[in-house]
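What follows is a short report on a single structure.
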Amino acid sequence: MKRLLKISAAAALIVGLANAGTLDDVKKAGVLKCGVSTGLPGFAEADSKGTWRGLDVDYCRAMAATVLGDATKVKYVPLTAKERFTALQSGEIDVLSRNTTWT
(Lines of atoms letter the chains of each structure in order from A and count residues from 1; the text may use other names and numbers.)
(Lines give C-alpha, C1' and ligand atoms only; values in the text may rest on other atoms or scores of the structure.)
Protein backbone atom coordinates (compact mmCIF):
# COMPACT_ATOMS: atom_id res chain seq x y z
CA MET A 1 0.00 0.00 0.00
CA LYS A 2 2.81 2.42 0.86
CA ARG A 3 4.52 1.65 -2.45
CA LEU A 4 1.30 2.34 -4.35
CA LEU A 5 0.90 5.64 -2.51
CA LYS A 6 4.48 6.64 -3.35
CA ILE A 7 4.03 5.73 -7.02
CA SER A 8 0.71 7.58 -7.18
CA ALA A 9 2.22 10.60 -5.47
CA ALA A 10 5.12 10.65 -7.89
CA ALA A 11 2.73 10.46 -10.85
CA ALA A 12 0.59 13.24 -9.41
CA LEU A 13 3.71 15.26 -8.78
CA ILE A 14 4.77 14.97 -12.40
CA VAL A 15 1.34 16.02 -13.64
CA GLY A 16 0.57 18.58 -10.94
CA LEU A 17 3.94 20.29 -11.03
CA ALA A 18 4.28 20.17 -14.81
CA ASN A 19 5.34 23.79 -14.91
CA ALA A 20 9.11 23.59 -14.31
CA GLY A 21 9.06 26.76 -12.22
CA THR A 22 6.47 25.37 -9.80
CA LEU A 23 8.82 22.75 -8.40
CA ASP A 24 11.49 25.37 -7.79
CA ASP A 25 8.91 27.66 -6.18
CA VAL A 26 7.76 24.90 -3.82
CA LYS A 27 11.32 24.10 -2.78
CA LYS A 28 12.10 27.78 -2.25
CA ALA A 29 8.93 28.38 -0.19
CA GLY A 30 9.47 25.22 1.85
CA VAL A 31 5.77 24.42 1.75
CA LEU A 32 3.43 22.78 -0.77
CA LYS A 33 0.16 24.67 -1.34
CA CYS A 34 -2.30 21.89 -2.03
CA GLY A 35 -5.84 22.52 -3.26
CA VAL A 36 -8.38 20.18 -1.67
CA SER A 37 -12.17 19.87 -1.46
CA THR A 38 -14.01 22.13 0.95
CA GLY A 39 -15.01 19.10 3.00
CA LEU A 40 -15.61 15.72 1.41
CA PRO A 41 -15.59 12.85 3.93
CA GLY A 42 -12.95 10.27 3.10
CA PHE A 43 -11.14 12.58 0.71
CA ALA A 44 -10.47 15.92 2.40
CA GLU A 45 -11.99 17.24 5.57
CA ALA A 46 -10.71 19.14 8.57
CA ASP A 47 -11.66 18.00 12.05
CA SER A 48 -12.63 20.32 14.92
CA LYS A 49 -8.92 20.96 15.63
CA GLY A 50 -8.20 21.90 12.02
CA THR A 51 -6.33 18.67 11.23
CA TRP A 52 -6.94 17.59 7.65
CA ARG A 53 -7.66 13.92 6.87
CA GLY A 54 -8.56 11.84 3.83
CA LEU A 55 -7.19 10.33 0.63
CA ASP A 56 -6.55 13.66 -1.13
CA VAL A 57 -4.81 14.93 2.00
CA ASP A 58 -2.61 11.81 2.04
CA TYR A 59 -1.55 12.55 -1.55
CA CYS A 60 -0.59 16.08 -0.52
CA ARG A 61 1.48 14.73 2.36
CA ALA A 62 3.18 12.19 0.09
CA MET A 63 4.08 14.91 -2.42
CA ALA A 64 5.46 17.15 0.34
CA ALA A 65 7.52 14.25 1.66
CA THR A 66 8.86 13.58 -1.84
CA VAL A 67 9.70 17.18 -2.72
CA LEU A 68 10.53 18.69 0.67
CA GLY A 69 11.46 15.66 2.74
CA ASP A 70 8.72 16.44 5.27
CA ALA A 71 5.11 15.31 4.97
CA THR A 72 3.94 18.08 7.30
CA LYS A 73 5.08 20.92 5.03
CA VAL A 74 1.65 21.32 3.40
CA LYS A 75 -0.75 24.24 3.34
CA TYR A 76 -4.24 22.94 2.56
CA VAL A 77 -6.35 25.32 0.50
CA PRO A 78 -10.04 24.32 0.45
CA LEU A 79 -11.59 24.98 -2.95
CA THR A 80 -15.00 24.59 -4.55
CA ALA A 81 -15.39 22.96 -7.95
CA LYS A 82 -15.74 26.42 -9.47
CA GLU A 83 -12.53 27.73 -7.86
CA ARG A 84 -10.20 24.75 -8.38
CA PHE A 85 -8.80 25.39 -11.87
CA THR A 86 -8.58 29.16 -11.46
CA ALA A 87 -6.58 28.66 -8.26
CA LEU A 88 -4.20 26.30 -10.05
CA GLN A 89 -3.76 28.55 -13.09
CA SER A 90 -3.24 31.67 -10.99
CA GLY A 91 -0.60 30.08 -8.76
CA GLU A 92 -2.71 30.34 -5.61
CA ILE A 93 -1.98 26.61 -5.22
CA ASP A 94 0.92 24.50 -6.45
CA VAL A 95 -1.03 21.31 -7.03
CA LEU A 96 -4.68 20.26 -7.12
CA SER A 97 -5.56 17.15 -5.13
CA ARG A 98 -9.33 17.01 -5.12
CA ASN A 99 -12.06 15.15 -6.96
CA THR A 100 -11.55 16.10 -10.58
CA THR A 101 -12.25 14.08 -13.71
CA TRP A 102 -10.89 14.14 -17.25
CA THR A 103 -13.47 15.62 -19.59
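Quick note: the sequence shown uses our numbering, first residue 45, plus one each step.
Note that CB positions come from ideal geometry on N, CA and C, so glycine has one too.
Exercise. Can the beta-carbon of residue 77 be found closer than 7 angstroms to that of residue 138?
Worked result: yes
Problem set entry | Three-state class that DSSP yields for residue 73 in the structure shown | helix
Problem set entry | Terminal residues of the beta strand (DSSP E) in which residue 123 lies | 118-123
For this session: May I ask you to verify whether the region 70-89 touches the region 126-146, counting CB pairs closer than 8 angstroms and requiring at least 3?
Result: yes
For this session: Can you check DSSP and say which residues form a bridge with residue 78?
Result: 120 and 139
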